[in-house]
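> So the sequences go chain by chain: A and B.
Mapping the first sequence onto numbering that gives the first Met the number 0, position 338 (from 1) lands on 337, and the numbers just tick up by one.
Mapping the second sequence onto numbering that gives the first Met the number 0, position 171 (from 1) lands on 170, and the numbers just tick up by one.
Glycine included, C-beta positions come from ideal geometry on N, C-alpha and C.
Quick caveat, the model's predicted, so the values are computed rather than measured.
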Amino acid sequence: MTPVARIAKTTAFKLSAVYLLVFSAFALIFVFSISYTASEVLNGQLADSVEEEILNLADPWNDGGVYALIAAIQERSSRPGAALYLLVDPMGRLLAGNVTRVSGDLLADAVRGPITTVYFDTAENQREAVIRAVRLGGGYTLLVGRDIAESERFGSVIRTALILAGALLIALAMGSWFFVSRRVLKRIDAVSDATRRIMAGDLSGRLEVLGTDDEFDRLAASLNAMLERIEHLLSGLRSVSDNIAHDLKTPLTRMRNRIETALGAAPDSDAQRAVLQDTIDEADQLIRTFNALLMISRIEAGAPQEARELVDLAVVAADVGELYGPAAEEAGATLTVSAEGPLNVRGNRELLGQALANLIDNALKYAGGAGREPRIAVTAARDGGDVVVTVTDNGPGIPERDRERVFGRFVRLEESRSTPGTGLGLSLVAAVVTLHGGTVTLGDAAPGLAVAIRLPAAVDTP
Amino acid sequence: MRILLVEDDRETAAYLVRALREAGHVPEHTADGASGAEMALGGGYDVLVVDRMLPGRDGLSIIEELRATGDHTPALILSALGQVDDRVKGLRAGGDDYLAKPYALSELLARIEVLARRRRQGDGDVVYRVGDLELDRLSHAVARAGQAIPLQPREFRLLEYLMKNAGKVVTRTMLLENVWDYHFDPQTNVIDVHISRLRAKIDKGFEEPLLQTVRGAGYMIRDPRR
Numbered sequence: 000m001t002p003v004a005r006i007a008k009t010t011a012f013k014l015s016a017v018y019l020l021v022f023s024a025f026a027l028i029f030v031f032s033i034s035y036t037a038s039e040v041l042n043g044q045l046a047d048s049v050e051e052e053i054l055n056l057a058d059p060w061n062d063g064g065v066y067a068l069i070a071a072i073q074e075r076s077s078r079p080g081a082a083l084y085l086l087v088d089p090m091g092r093l094l095a096g097n098v099t100r101v102s103g104d105l106l107a108d109a110v111r112g113p114i115t116t117v118y119f120d121t122a123e124n125q126r127e128a129v130i131r132a133v134r135l136g137g138g139y140t141l142l143v144g145r146d147i148a149e150s151e152r153f154g155s156v157i158r159t160a161l162i163l164a165g166a167l168l169i170a171l172a173m174g175s176w177f178f179v180s181r182r183v184l185k186r187i188d189a190v191s192d193a194t195r196r197i198m199a200g201d202l203s204g205r206l207e208v209l210g211t212d213d214e215f216d217r218l219a220a221s222l223n224a225m226l227e228r229i230e231h232l233l234s235g236l237r238s239v240s241d242n243i244a245h246d247l248k249t250p251l252t253r254m255r256n257r258i259e260t261a262l263g264a265a266p267d268s269d270a271q272r273a274v275l276q277d278t279i280d281e282a283d284q285l286i287r288t289f290n291a292l293l294m295i296s297r298i299e300a301g302a303p304q305e306a307r308e309l310v311d312l313a314v315v316a317a318d319v320g321e322l323y324g325p326a327a328e329e330a331g332a333t334l335t336v337s338a339e340g341p342l343n344v345r346g347n348r349e350l351l352g353q354a355l356a357n358l359i360d361n362a363l364k365y366a367g368g369a370g371r372e373p374r375i376a377v378t379a380a381r382d383g384g385d386v387v388v389t390v391t392d393n394g395p396g397i398p399e400r401d402r403e404r405v406f407g408r409f410v411r412l413e414e415s416r417s418t419p420g421t422g423l424g425l426s427l428v429a430a431v432v433t434l435h436g437g438t439v440t441l442g443d444a445a446p447g448l449a450v451a452i453r454l455p456a457a458v459d460t461p
Numbered sequence: 000m001r002i003l004l005v006e007d008d009r010e011t012a013a014y015l016v017r018a019l020r021e022a023g024h025v026p027e028h029t030a031d032g033a034s035g036a037e038m039a040l041g042g043g044y045d046v047l048v049v050d051r052m053l054p055g056r057d058g059l060s061i062i063e064e065l066r067a068t069g070d071h072t073p074a075l076i077l078s079a080l081g082q083v084d085d086r087v088k089g090l091r092a093g094g095d096d097y098l099a100k101p102y103a104l105s106e107l108l109a110r111i112e113v114l115a116r117r118r119r120q121g122d123g124d125v126v127y128r129v130g131d132l133e134l135d136r137l138s139h140a141v142a143r144a145g146q147a148i149p150l151q152p153r154e155f156r157l158l159e160y161l162m163k164n165a166g167k168v169v170t171r172t173m174l175l176e177n178v179w180d181y182h183f184d185p186q187t188n189v190i191d192v193h194i195s196r197l198r199a200k201i202d203k204g205f206e207e208p209l210l211q212t213v214r215g216a217g218y219m220i221r222d223p224r225r
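1) Alpha carbon to alpha carbon, how far is ASP192 (chain A) from ALA199 (chain A)? Give it in angstroms, no decimals.
2) Kindly list the residues whose CB is nearer than 7 Å to the CB of GLY340 (chain A), restricted to its own chain and excluding five residues on each side of it in sequence; keep chain order.
3) Are the C-beta of ASP131 (chain B) and some C-beta of chain A separated by less than 9 Å?
4) In chain order, what residues of the stretch 332-355 of chain A put their CB closer than 7 Å to some CB of chain B?
5) Pull out every residue of the stretch 170-193 of chain B whose Cβ sits closer than 7 Å to any Cβ of chain A, in chain order.
6) So, does the CB of TYR323 (chain A) fall closer than 9 Å to a CB anywhere in chain B?
7) Comparing the C-beta of ALA33 (chain B) with each C-beta of chain A, is any distance below 9 Å?
8) Could you pull out every unbroken beta strand (DSSP E) segment of at least 3 residues lying fully inside the stretch 66-109 of chain B, listed in chain order?
9) What in chain B is Cβ-close to ASP283 (chain A), meaning under 7 Å?
10) Cα-Cα, which of A:VAL133, A:GLY367 and A:ALA317 is closest to VAL49 (chain A)?
11) Buried or exposed: which applies to ARG224 (chain B), given that a residue is buried once 16 or more other Cβ atoms fall within 10 Å of its Cβ?
12) If you follow the alpha helix (DSSP H) that GLU37 (chain B) is in, where does it begin and where does it stop?
13) Quick one: Cα of ASN290 (chain A) to Cα of LYS100 (chain B), how far?
14) What does a CB cutoff of less than 8 Å around GLU63 (chain B) pick up in its chain, not counting 5 residues either side in sequence?
15) I want to know whether the stretch 388-401 of chain A touches the stretch 370-379 of chain A - three or more CB-CB distances under 8 Å.
16) Could you say which of B:GLU207, B:LEU3, B:GLY166 and B:TYR181 lies nearest to MET219 (chain B) if we only look at CA atoms?
17) For ARG186 (chain A), which of A:THR10, A:VAL21 and A:LEU454 has the nearest alpha-carbon?
18) Please report how far the alpha carbon of ARG156 (chain B) lies from the alpha carbon of ARG453 (chain A), in whole angstroms.
19) Judging by CA-CA distance, which residue of A:THR36, A:ILE169, A:GLY138 and A:ASP277 is the nearest neighbour of LEU20 (chain A)?
20) Let me make sure I understand the geometry here. Which of A:ARG131, A:SER337, A:LEU163 and A:ARG307 has the alpha-carbon closest to that of ALA317 (chain A)?
21) Look at the alpha carbon of GLU37 (chain B) and the alpha carbon of THR288 (chain A), and state the distance between them as a whole number of angstroms.
22) Using 8 Å for Cβ pairs, my map puts GLY468 (chain A) next to SER238 (chain A). What's the rounded Cβ distance?
23) ILE286 (chain A) touches chain B at which residues, Cβ-Cβ below 8 Å?
24) Could you give the DSSP three-state label for GLY447 (chain A): helix, strand or coil?
25) Pull out every residue of the stretch 259-284 of chain A whose Cβ sits closer than 8 Å to any Cβ of chain B, in chain order.
26) With H, G and I counted as helix, E and B as strand and the rest as coil, what does DSSP make of ARG400 (chain A)?
27) Using a cut-off of 9 Å between C-beta atoms, extract the partners of ASP318 (chain A) located in chain D.
28) Roughly how many whole angstroms lie between the Cα atoms of GLY35 (chain B) and ARG20 (chain B)?
29) What do you reckon, are the CB atoms on THR172 (chain B) and GLU106 (chain B) nearer than 9 Å?
30) Give me the Cβ distance between LEU355 (chain A) and VAL319 (chain A), rounded to the nearest whole Å; I'm assuming they're in contact under 8 Å.
31) Under 7 Å Cβ-Cβ, which residues of chain B neighbour ALA326 (chain A)?
32) Report all residues from its chain with a CB closer than 7 Å to the CB of ARG143 (chain B); omit the five preceding and five following residues, and keep chain order.
33) Distance, Cα to Cα, LEU75 (chain B) vs ASP96 (chain B)?
34) Residues of chain B with CB under 7 Å from GLU329 (chain A), in chain order?
35) Considering Cα atoms alone, identify which of B:GLU159, B:GLY145, B:ASP31 and B:GLN146 is closest to HIS139 (chain B).
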């Protein structure tokens, strides 16, 4: 591509060309309309002054007849910058004035009204003028005219000035516009270069934010936020695949070994049946894990507005508490639910119920220990514009440094490796809460863990 | 029971057909939506099992088409889309139950049985009887061998659901769905504990236990003498 063609392809050039065209058209219209109006006004003024001169000459004619008029004409013709004068007798002879020749037809026309652009012979030269003639008594005709060369000159000066100014304006506008759009488009180019670099694999790259707080800074900031999220999701995905490899391979290997043992056992024996039953349990656990994984990714991919029904968290807390009550009792734990309804939020009742179930489930696993009676408290209450649901246990709690980490998929703290579970419970809680525009925090219940879910209360709470 | 299976994955379909046959059903299978719709409209099935993601067609449309003709053959939707919204969408389109892949075969079989029962009997009975156990759905009275058994409201609903499906296996997720109206997978033994409490109330002190655990599947209430 030639350099010219390349420049012609840039948006800066195209925009400038359009700008130039539009601007020139306007400038042309402007110049013509101004110069036209100006010459109209000037010609009108000339016609007026001709009429006035005729009125002036009426006085000597009325006072002293044709001789007084001739004297007045001769006196006025000799003034500097004089108008054109001509007095013709009934026979068509020129009696006085500074016009040397005029045709009878023109004279007759001039009687009917002012005429412009007529060429006259005077003693010195030929001139273009506005003329007006009147018939006087006794067959005399008086003609008065004004040279329009002056107004023509004025008009052309205006036109030239306007055209010059217009050309200058266009040139300046072109220049500055080209400069401005080049600058703007250079920043767009910078953005697209940066995104290309990032797409090429350098996900940690970010766009430059100049701190000018203009549209480009905002664009760069939003793109950076988007990249941040993509990077986060990707790294999540990476650690998930690593963990999947580990957490799913182990049960699969166990299953395989069991089946192998079953093959070796006596056919149709109790031992074989037991192994097969264990295998089914293991497979169910795997299915459970897969379902939880799928669920989490579906929820995480979901838009917050997907969950929109009115849900009373007090009812959900009571329901789930009731569901877990017997299981807690069986485990020798005390489960209390205190929730004064209605505590409405906008969301998905089933997902919120499942999140709460996961928390109670976790609490059940860890509550108690070190001689303490296992105790789990579920509370739900309004806090300003939010509804806060907390699940508190009196177990060992989670050390502060691990609190962020446990929301990750398959993350299980060393001390919990031995307890059954998918390692996905808290990830699901976090996903559900995020979907609902809320936050989940882990706190110290000294001793124990306090998990607090904070969700924006529904505005139209009755 | 005649069961129409519309499932495009050959291996899954073959496996399901065999399992359904072993369970005493008469399954018919088709892999594509168009012939699936045709066969379903032809009628004569007790239960339809329809996969949502069929080549070129959403399985839901088959059910919608069928319902538009006034046919109410129970339909179970199978889907890899497991989110709650998808389930709601499936049920709105006229499906009677929804099962997300991957699922356990025992879960699928139990749900098919329950769906077919719903078609044959309806919900008309006021009093459910299993052996000498009686449950009155209007007065909420439960008695065994003429002896009144007081139940908590939730225990009553649990027993009601089990008795409504007497002789059929109901899974833990089915119980959570129908008794608590939550649709997730109970990770721990929560349901089992509710069941054992119920069992303590209705079976304790009686010679014949009615409420049985079906290993690897769920629970069943049944008169052992029949």
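According to the structure shown:
1) 11 Å
2) ASP311, ALA313 and VAL314
3) no
4) ASN347, GLU349, LEU350, GLY352 and GLN353
5) TRP179, TYR181, HIS182, PHE183, ASP184, GLN186, THR187, ASN188, VAL189, VAL192 and HIS193
6) yes
7) no
8) 74-78 and 96-99
9) ALA103
10) A:VAL133
11) exposed
12) 32-41
13) 8 Å
14) ALA92 and GLY93
15) yes
16) B:GLY166
17) A:THR10
18) 32 Å
19) A:ILE169
20) A:SER337
21) 37 Å
22) Beyond the ends of chain A as shown, which are 0 and 461, falls residue 468 (chain A); an answer cannot be given.
23) PRO101, TYR102 and ALA103
24) coil
25) GLN276, ILE279, ASP280, ALA282 and ASP283
26) helix
27) The structure shown contains no chain D; its protein chains are A and B.
28) 19 Å
29) yes
30) 5 Å
31) THR187, ASN188, VAL189 and VAL192
32) ASP131, LEU132, ILE201 and PHE205
33) 5 Å
34) VAL192
35) B:GLU159
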